[in-house]
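Q:
In the numbering used here, the protein residues as written are 363 to 631.
Here's what the structure looks like:
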């Protein structure tokens, strides 16, 4: 899911292209993608995404002989490849958060009936991914909010020549305007370290360990914590009705931001 800001161009592009790029990207795309971002400003020259560090030190002519990309590598390169294409082909200054989950059955069954399920999640910004433990009902977050208040995010923004301050409500903002320190698009903020490198989580679960997964935007998490969201969903048997209940609860709790919830049933539902 995506949450746009400053216009619809970026989110519309992601909706049409991100999934295709994640499938199509290859190791041969790494050198031009890295070169694009390393030329943002002098501080970017040594930029290397964490999940691609081992490949980045290999000569470009040798990359095509490497083994296929792992899922964390594919998600990282796919996100950056998409951001590069977006920034190269668009004149807009709008941006978007993103949250992506790849569900992989580790046997021959479909993901909703598998005995072993691997979840690989990626996010930029504060669009959140939450799963529910089928036995205890406890919420577990499989994403990371990229906010200026996070020490590592704060340090990166400063390293790339940016600054962090707070608004009238005491909320930390990057460059006086961005609540998120990672996003797609946001052309004017890119050189200051507001990048689209995702945080990746990869976990393997046994059958019936997880009841469901929910992806939500910050219009919901600003007024409902993770456990409250999970508790709202648990009584429902239909994912669509559960998602509607979450959005309605956030609206009743006073949220005025954009609200999106997607509920996905897992083997323990």
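Note that beta-carbon positions come from the ideal geometry of N, C-alpha and C, so glycine has one too.
Tell me the DSSP secondary structure of residue 390 in three-state form.
A: Helix at residue 390.
Q: Would residue 538 and residue 458 qualify as a contact pair, given that the criterion is a beta-carbon distance under 8 Å?
A: Contact flag unset, no.
Q: Can residue 488 and residue 368 be called in contact, C-beta distance under 8 Å?
A: For residue 488 and residue 368, no; Cβs fall outside 8 Å.
Q: Under 7 Å Cβ to Cβ from residue 545, same chain only, skipping five residues before and after it: list those, please.
A: Around residue 545: 457, 458, 459, 486, 487, 556, 558.
Q: How long is the line joining the alpha carbons of residue 569 and residue 592, rounded to whole angstroms?
A: Roughly 19 Å separates the two Cα atoms.
Q: Taking contact to mean 3 or more Cβ pairs, one atom from each stretch, closer than 8 Å, check whether the segment 570-580 and the segment 410-421 are in contact.
A: In short, these stretches do not touch, since the Cβ pair count stays below three.
Q: Assess contact between the segment 435-454 and the segment 371-378, defined as three or more Cβ pairs (one per stretch) separated by less than 8 Å. Is contact present?
A: Because the criterion of three Cβ pairs below 8 Å is met, the segment 435-454 and the segment 371-378 touch.
Q: Tell me which residue opens and which closes the alpha helix (DSSP H) that residue 483 is part of.
A: Element bounds for residue 483: not the alpha helix (DSSP H) but the beta strand (DSSP E), 478-486.
Q: Along the chain, where does the alpha helix (DSSP H) containing residue 583 start, and where does it finish?
A: Per DSSP, residue 583 belongs to the alpha helix (DSSP H) from 580-583.
Q: Taking all protein chains shown into account, decide if residue 521 is buried (16 or more other Cβ within 10 angstroms of its Cβ) or exposed.
A: When all chains shown are included, residue 521 counts as exposed.
Q: Rounding to the nearest angstrom, what Cα-Cα distance links residue 609 and residue 497 in this structure?
A: Distance between the alpha carbons of residue 609 and residue 497: 25 Å.
Q: What residue range does the beta strand (DSSP E) around residue 432 cover?
A: Neither: residue 432 is in no beta strand (DSSP E) and is coded neither H nor E.
Q: Looking only at DSSP bridge pairs, what is residue 503 linked to?
A: The partner list for residue 503 (beta bridge, DSSP) reads 492.
Q: Pull the bridge partners of residue 623 from the DSSP assignment, please.
A: Answer is 578.
Q: Is it the case that the segment 577-589 contacts the segment 607-627, given that we only count it when at least three CB pairs across the two stretches are under 8 Å?
A: Enough Cβ pairs lie closer than 8 Å, so yes.
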